[in-house]
Amino acid sequence: MTKRAVLLLAHGTPDKVGEIPEYLRNVVSGRPMPQAVVEEIQHRYALIGQSPLTEWTMAQAKRLEGLLNGERVYVGMRNWRPYIPEVVRQMRAEGVTEAAVICLAPQNSRTSTGLYRRAVEAEAGELKIDFTAGWAEHALLAEAFAERLRVALEKLRAEIGENPPVLFTAHSVPCRTIAAAEGKPGDPYATDARRTAELVAARVPGLKRWYFAFQSQGASGGEWIGPTVEGTLDALAAEGVKHLILQPIGFLCDHVEILYDVDIAFKEHAAKLGMRLERPESLNDSAKLAEALRDLTGKAFARL
12 MTKRAVLLLA
22 HGTPDKVGEI
32 PEYLRNVVSG
42 RPMPQAVVEE
52 IQHRYALIGQ
62 SPLTEWTMAQ
72 AKRLEGLLNG
82 ERVYVGMRNW
92 RPYIPEVVRQ
102 MRAEGVTEAA
112 VICLAPQNSR
122 TSTGLYRRAV
132 EAEAGELKID
142 FTAGWAEHAL
152 LAEAFAERLR
162 VALEKLRAEI
172 GENPPVLFTA
182 HSVPCRTIAA
192 AEGKPGDPYA
202 TDARRTAELV
212 AARVPGLKRW
222 YFAFQSQGAS
232 GGEWIGPTVE
242 GTLDALAAEG
252 VKHLILQPIG
262 FLCDHVEILY
272 DVDIAFKEHA
282 AKLGMRLERP
292 ESLNDSAKLA
302 EALRDLTGKA
312 FARL
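To convert a position in the sequence shown, counted from 1, into the numbering used here, add 11.
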């Protein structure tokens, strides 16, 4: 008897500041991490209270489940509880035979999507899975972001009397992880991220000036892809930009890279440049996002 379900995959985040050392060991696969880096991450989490990533991911799962035909939606995290291997084993124990697996990182990358996929496949056993490798160009994803952006633009436009420019962002990754190597093509992540930005911008009437940057470069050695948000803010300030909207299109809900990096660090950087920086509401439990996930689920079930 066939029993289908959906498995949503996300990065994961600790519930308490004291859990951060263990969490960071998971992120870097057990490699040593300088104590100064651990303390800085703890400081950032303390400033925002806690990351709501798990809460929002569960809310996304519940909203998606309400759109399906009785199929259950599970959630697995790569770096924190509930861990992907444990959830896949739970699915098998509960009789699931086929699963649509969707990574909540729409832009495909070996450093994210690939790792999630391997974690699922390692525990799948007889469970038949369809893994959505990337959905950066999904029309409903672009519309979900555009929906949030239009509201923020209209609000700021009403205050300043003109259309402000927009800076789209996605999380940076090390250059070495996306470069072509050993006869293999380069990683699609950077192209995917920019493509999402293009599709969102095209859905916002009156948006004439927009830019793109990679945020939250890591502390590990080596070069990370850019341009950086800080460098982009510097350049825009030099051009006389006084008002700017920043929209992260690589993240589907609030977490530390938005609540600290954007709402605290980037806003402070912009303020020092004499620039006002605003951000649209994150997708979080957006109904349009749920529609996108339902569409991806339907296509995955059709392939199984």
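Ideal placement from N, C-alpha and C gives every residue a C-beta, glycine not left out.
Just so you know, these numbers come straight off a predicted model, no measurement behind them.
Contacting residues, own chain, Cβ-Cβ under 8 Å from residue i (five flanking each side not counted)
i: M69; result: V86
i: I269; result: P259, F262, R290 and S293
Where the beta strand (DSSP E) containing residue i begins and where it ends
i: E109; result: E109 to C114
i: M88; result: R83 to M88
i: Q258; result: H254 to P259
i: V98; result: Where V98 is concerned, there is no enclosing beta strand (DSSP E), although the alpha helix (DSSP H) it sits in stretches over I95 to A104.
Residue range of the alpha helix (DSSP H) that includes residue i
i: T122; result: Careful: T122 lies outside any alpha helix (DSSP H) and carries neither H nor E.
i: T243; result: V240 to A249
i: D306; result: A298 to R314
i: H182; result: Where H182 is concerned, there is no enclosing alpha helix (DSSP H), although the beta strand (DSSP E) it sits in stretches over V177 to H182.
i: E156; result: Contrary to the premise, residue 156 reads as Phe rather than Glu in this sequence. Residues A150 to I171.
Sub-8 Å separation of residue i and residue j beta-carbons
i: A181; j: F225; result: yes
i: D265; j: W67; result: yes
i: L115; j: A21; result: yes
i: A157; j: V215; result: yes
i: L244; j: A281; result: yes
i: G23; j: W91; result: yes
i: P117; j: L167; result: no
i: A208; j: F179; result: yes
i: L19; j: A72; result: yes
Cβ shell of residue i (< 7 Å), same chain only, five flanking positions each side left out
i: D141; result: A111, V112, A311, R314 and L315
i: I171; result: H254
i: P93; result: V86 and G87
i: R103; result: G136 and L138
i: G217; result: N174
i: A201; result: I189 and I236
i: A130; result: R89, I95 and P96
Residues of its chain near residue i, where Cβ-Cβ distance is below 6 Å and the 5 sequence neighbours each way are ignored
i: C186; result: E234 and I236
i: L300; result: A155 and L294
i: G251; result: none
i: R287; result: H254
i: T308; result: V17 and A111
Cutoff 8 Å: residue i Cβ touching any chain B Cβ
i: A144; result: This model lacks chain B altogether, as it is built from one protein chain only.
Point to revise | the region 119-139 in contact with the region 235-243 per 3-pair CB rule at 8 Å | key: no
Point to revise | Every unbroken beta strand (DSSP E) inside the region 188-214 [3 residues or more] | key: none
Check your understanding: Between the region 78-85 and the region 216-230, do three or more beta carbon pairs fall short of 8 Å?
Key -> no
Point to revise | Three CB pairs or more closer than 8 Å across the region 20-34 and the region 45-54 | key: yes
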